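Which chain is which? The protein sequence lines are B and U, in order.
Add 175 to the 1-based position in the first sequence for this note's numbering, that's all there is to it.
Add 2 to the 1-based position in the second sequence for this note's numbering, that's all there is to it.
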Amino acid sequence: DAGITQSPRHKVTETGTPVTLRCHQTENHRYMYWYRQDPGHGLRLIHYSYGVKDTDKGEVSDGYSVSRSKTEDFLLTLESATSSQTSVYFCAIRTEESSYNEQFFGPGTRLTVL
Amino acid sequence: DQQVKQNSPSLSVQEGRISILNCDYTNSMFDYFLWYKKYPAEGPTFLISISSIKDKNEDGRFTVFLNKSAKHLSLHIVPSQPGDSAVYFCAASAWAQGGSEKLVFGKGTKLTVNP
C-alpha cells in the first residue's frame with residue numbers, strides 16, 4: 176500500500192462544468208501520474224509530475240490541466256467537462272526505491288459527464 | 003500509433019493449466035517491461051517486471067519472458083488459479099522529463115480461469 180487516496184471516488188457532472196480530481200499521497204514521493212482508463216484503450220497517461228510545480232503532458236492531455244503546489248497532492252482539472260471525458264481516472268506514484276520503474280496506483284475515480 | 007500491443011482481448015483457461023499472455027512492442031528504447039493485474043473497481047496492481055537486458059524473470063507462479071529480437075514478451079502463470087481471473091496489462095517504461103519514467107500500456111487481456 177503506497178498510501179494513495181483519490182477523491183472523490185465517484186462523480187456525476189454536466190457538460191461544460193469544471194471538475195477537479197484530487198490525488199493524495201502520504202509518503203512524499205517525487206513522481207506522480209494521472210491516467211484514464213477506457214474500454215478498448217487500456218490506461219493512457221494524461222499528465223505527470225516530477226516535483227512541486229514541475230509537470231508535463233502525457234499522450235492524452237487535451238482538455239486537462241494539473242497542479243502540484245505541495246508534494247503530497249496532485250490535482251487534475253477538467254476546465255469544461257465533455258462527455259468524451261467520461262472515464263475512470265487513476266493516480267499513480269513511483270517511489271525512489273523502485274527497481275523496475277514500477278508505479279503504484281490509487282483506487283480510481285469514476286467520472287460521468289452527462 | 004500504439005507502441006505496446008496486446009492482441010488478445012480475452013483468454014480462458016482451466017484451473018491448474020498454464021496461462022500465457024502475450025504482448026508486442028515497437029519502441030526499442032523501452033528499458034523495462036511490466037505486467038499489472040486489475041480487478042474490477044480497483045486500481046491496477048504491479049505483478050512482475052523485467053529489464054530489457056534480461057530474457058526471463060520468475061516470481062513464484064509468474065514468469066515473464068522477453069524476446070528482444072522479436073519485440074515480444076509473455077507472461078506465464080503456472081498453475082492458473084480462479085483468483086487469477088482479472089484483466090492483465092502489459093506496460094513498457096520510457097524516459098520522461100525530470101528523471102521520471104512514464105509507462106505506456108497495452109489495452110489489456112481479460113483472463114478467466116475456470117474451476
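Just so it is clear, CB atoms sit at the ideal spot from N, CA and C, and this is done for glycine as well.
Since this is a predicted model, take the numbers as computed values, not measurements.
Exposed or buried, which one is residue i when buried takes at least 16 other CB atoms within 10 Å?
i                      : result
residue 203 of chain B : exposed
residue 83 of chain U  : exposed
residue 217 of chain B : buried
residue 103 of chain U : buried
residue 80 of chain U  : exposed
residue 222 of chain B : buried
residue 14 of chain U  : exposed
residue 52 of chain U  : buried
residue 262 of chain B : buried
residue 40 of chain U  : buried
residue 230 of chain B : buried
residue 282 of chain B : exposed
residue 42 of chain U  : exposed
Give me the residue from the options with the minimum Cα distance to residue i.
i                      : options                    : result
residue 98 of chain U  : B:250, B:266, B:272, B:224 : B:224
residue 246 of chain B : B:262, B:205, B:195, B:217 : B:205
residue 9 of chain U   : U:68, U:78, U:92           : U:92
residue 77 of chain U  : U:71, U:86, U:105, U:67    : U:67
residue 59 of chain U  : U:37, U:73, U:7            : U:37
residue 255 of chain B : B:232, B:191, B:200        : B:191
residue 193 of chain B : B:238, B:281, B:182        : B:238
residue 266 of chain B : B:228, B:285, B:244        : B:285
residue 213 of chain B : B:226, B:195, B:258, B:207 : B:258
residue 264 of chain B : B:178, B:195, B:242        : B:195
residue 23 of chain U  : U:29, U:30, U:7            : U:7
residue 275 of chain B : U:25, U:27, U:54, U:19     : U:54
Determine the extent of the beta strand (DSSP E) in which residue i is found, giving its start and end residues.
i                      : result
residue 70 of chain U  : That residue, residue 70 of chain U, is in no beta strand (DSSP E); it is neither H nor E in DSSP.
residue 200 of chain B : 194-200
residue 61 of chain U  : 58-61
residue 52 of chain U  : 47-53
residue 103 of chain U : 103-107
residue 287 of chain B : 284-288
residue 111 of chain U : 111-116
residue 26 of chain U  : 21-27
residue 269 of chain B : 262-269
residue 87 of chain U  : No beta strand (DSSP E) contains residue 87 of chain U, which DSSP labels as neither H nor E.
residue 16 of chain U  : 12-16
residue 41 of chain U  : Careful: residue 41 of chain U lies outside any beta strand (DSSP E) and carries neither H nor E.
Whole-angstrom Cβ separation of residue i and residue j, contact assumed at under 8 Å?
i                      : j                      : result
residue 187 of chain B : residue 289 of chain B : 7 Å
residue 89 of chain U  : residue 17 of chain U  : Going by Cβ atoms, the distance from residue 89 of chain U to residue 17 of chain U rounds to 18 Å, so no, they are not a contact pair.
residue 211 of chain B : residue 248 of chain B : Actually they are not in contact, since the Cβ atoms of residue 211 of chain B and residue 248 of chain B sit about 19 Å apart, beyond 8 Å.
residue 234 of chain B : residue 220 of chain B : 5 Å
By DSSP, does residue i sit in helix, in strand, or in coil?
i                      : result
residue 229 of chain B : strand
residue 238 of chain B : coil
residue 181 of chain B : strand
residue 316 of chain B : Residue 316 of chain B cannot be examined here, being either before or after the span of chain B that is shown, 176 to 289.
residue 278 of chain B : coil
residue 82 of chain U  : coil
residue 4 of chain U   : coil
residue 244 of chain B : strand
residue 255 of chain B : coil
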